[in-house]
Structure formats: C-alpha cells, structure tokens
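**Q** The structure's right below; bear with me while I get my questions together.
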Amino acid sequence: MSLFSATSNFTRNDAPALRLFRKSESSDDEDKRLKRREKNRVAAQRSRKRQTQRADELHEAYECLEQENSLLRKEVQLLLEEQQRLTDALKAHEPLCPVLNCGMTSTSSWL
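Read left to right, the sequence shown gives residues 1 to 111 (my numbering).
What follows is the structure, encoded as structure tokens:
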C-alpha cells in the first residue's frame, strides 16, 4: 500500500512536501544503513585481527612444544643408552662379584 493511497486528504499541492518527506526518510534510512555497515566492517576487522593473533599464539606454542618434544626424545635416547651401558657393565661384573654369585639373588630379575 503506497502512502498516496493511504492519505485520504491528499492534493496535488501536497506532492512536493510528500516527496521531501520520503527523501528525508530514505536519507535517514541510508544513513542508518551506512552506519550499520561501517560498524559491522570495524567489528569484522577486529574479529579477523583477534583470529590472526590467536593463530599466531597457537603457532608459537606449537613451535615451543615441538622443540620441547625434540629435547625430551633426545633425553629418552640418552637414558636408554645409559641403561644399556649399565646393564652390560652389570652383566660383565656378575661373574666376578662374590656378592652376586652367592646364589641368593640374580641380576636377571633386576633387568
């Protein structure tokens, strides 16, 4: 339903005022729309910035954890090598040791 048909006392002399009213109303709507778009653009920009920052933080944490994991793997390898050396040393020492040869204990249960 248009504003013309809704206005019962409308005359031709009222047409310029009505056009001005519509233009003003449409201008206000346009202003609101532009403000809303600008506000949305800024919010989206902030959101993208936060998302990028979070991704950077996660990547940095990932790099630190990868480095820590690598160091721990090296430490495990060194400890396994030390365990093997100590096991070999104990096996070599067992036949010569009077304490271990008493028959009461066996190093095989330790290993």
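Backbone N, C-alpha and C fix where the C-beta goes; we use that ideal spot for every residue, glycine too.
Let me confirm a value: Leu96 is counted as buried when at least 16 other C-beta atoms fall within 10 Å, else exposed. Which label applies?
**A** Here residue 96 refers to the residue found at position 96 when the sequence shown is read from its first residue. Exposed.
**Q** Would Leu100 and Glu94 be called neighbours here (beta carbons separated by less than 8 Å)?
**A** Taking the sequence shown and counting its residues from 1, one reaches residue 100 at position 100. Taking the sequence shown and counting its residues from 1, one reaches residue 94 at position 94. For Leu100 and Glu94, yes; Cβs fall inside 8 Å.
**Q** In three-state terms, what does DSSP make of Val99?
**A** For the purposes of this step, residue 99 is identified with residue 99 of the sequence shown, where counting begins at 1. In the structure shown, Val99 sits in coil (DSSP, three-state: anything other than H, G, I, E or B).
**Q** In whole angstroms, what is the alpha-carbon distance linking Leu71 and Gln84?
**A** The residue labelled residue 71 in the question sits at position 71 within the sequence shown. The residue labelled residue 84 in the question sits at position 84 within the sequence shown. If I take the Cα positions, the gap works out to 20 Å.
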